[in-house]
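Structure first, then comments.
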Amino acid sequence: MKIVSKLLAVTSIAAIAVLAAPTSRADTITVVAGTTHESLWTDTGIDLTGQTINITASGAWSWAFGENVGPDGSLVAFVDDEWIQNGRHGQLIAYVGGDPLLGTAGAPGFTDYIAIGSNGSITGLTGRLWLGFNDDYSSGGEGDNSGSVQATITSVPDSGTSITLFGLALFAMAAARRKLALA
Ligand SMILES: [Ca+2]
Numbered sequence: 017m018k019i020v021s022k023l024l025a026v027t028s029i030a031a032i033a034v035l036a037a038p039t040s041r042a043d044t045i046t047v048v049a050g051t052t053h054e055s056l057w058t059d060t061g062i063d064l065t066g067q068t069i070n071i072t073a074s075g076a077w078s079w080a081f082g083e084n085v086g087p088d089g090s091l092v093a094f095v096d097d098e099w100i101q102n103g104r105h106g107q108l109i110a111y112v113g114g115d116p117l118l119g120t121a122g123a124p125g126f127t128d129y130i131a132i133g134s135n136g137s138i139t140g141l142t143g144r145l146w147l148g149f150n151d152d153y154s155s156g157g158e159g160d161n162s163g164s165v166q167a168t169i170t171s172v173p174d175s176g177t178s179i180t181l182f183g184l185a186l187f188a189m190a191a192a193r194r195k196l197a198l199a
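See below:
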């Protein structure tokens, strides 16, 4: 009987320790500089529910022959041809919702498109996460695009939940120690 209760105590500690571990997970997705209007946007398959996510990216792509940039893009201005207008041309950008082609270009006051670059975050939005290339909003010049970047999307654990679970784990460990001492 004593052995059974010791085993139960150890099993409980292990189970609660797993629960207390941060619940972050990461997905790495290839985002292409699309050569058609639709393929300027990549469906990540991830549905956001208001949580905070971080996105880091690396790689190289081009909005025209000889114009190679990383996911941060360039300050060169092609204002009318940017999803985030007056933004960074060729930057990795994001959209949350059903169809990124239906968003409003990022004129002042509109926030449909989100600048990400090599390191960005999104919080408080609900819907499908899309990643895109800040070029060819209106020109139809997708045919000269090339390259891709790798974007790693990490869900940030809710610190309140983690702290609560950590506290529960400490409590369970203390209780188990008392049981073991009595056994
Ligand atoms: Ca282009």
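Using my numbering, the first residue of the sequence shown is number 17, and each one after it goes up by one. Where is the CB? At the ideal position from N, CA and C, for every residue including glycine.
- Short of 7 Å from the beta carbon of Thr51, and not among the five residues preceding or following it, lie these beta carbons of its own chain, in chain order: Glu158, Gly159, Asn161.
- Counting C-beta atoms within 10 angstroms of its own C-beta, Leu118 has fewer than 16 neighbours from the protein chains shown and is therefore classed as exposed.
- Excluding sequence positions up to five before and after Thr72, its CB lies within less than 6 Å of the CB of Asn135, Thr168, all in the same chain and listed in chain order.
- The three-state secondary structure of Leu118, taken from DSSP, is helix.
- Under DSSP, Tyr129 shares a beta bridge with Tyr111.
- Counting only runs of 3+ residues, the beta strand (DSSP E) found wholly inside the stretch 129-161 occupies 129-131, 135-138, 142-149, in chain order.
- Nearest Cα to Gly114 within the set Asp128, Ala80, Asp152: Asp128.
- For the pair of segments examined, the stretch 52-60 was found not to touch the stretch 73-92: the number of CB pairs separated by less than 8 Å stays below three.
- With 16 or more other Cβ atoms inside 10 Å of its own Cβ, Glu98 counts as buried.
- The beta carbon of Gly133 sits no closer than 8 Å to any heavy atom of ligand 1.
- Across the structure, Thr44 and Gln166 are spaced so that their CA atoms are roughly 6 Å apart.
- Beta-carbon to beta-carbon, Trp79 and Gly106 are separated by about 5 Å, close enough to satisfy the 8 Å threshold.
- The Cβ atoms of Val172 and Ile69 sit closer than 9 Å to each other.
- Of Ala42, Gln101, Arg144, Gly66, the smallest CA-CA separation from Asn150 is found for Gln101.
- Between Thr120 and Leu64, the gap from beta carbon to beta carbon reaches 9 Å or more.
- When secondary structure is reduced to three states using DSSP, Ala190 falls in the helix class.
- In chain order, the residues positioned with their C-beta nearer than 6 Å to some heavy atom of ligand 1 are Trp79, Ala80, Asp151, Asp152, Gly157, Glu158, Asp160, Asn161.
- Inter-residue distance for Thr46 and Trp146 is about 12 Å (C-alpha atoms, whole angstroms).
- Between the alpha carbons of Asp88 and Arg193 lies a distance of about 53 Å.
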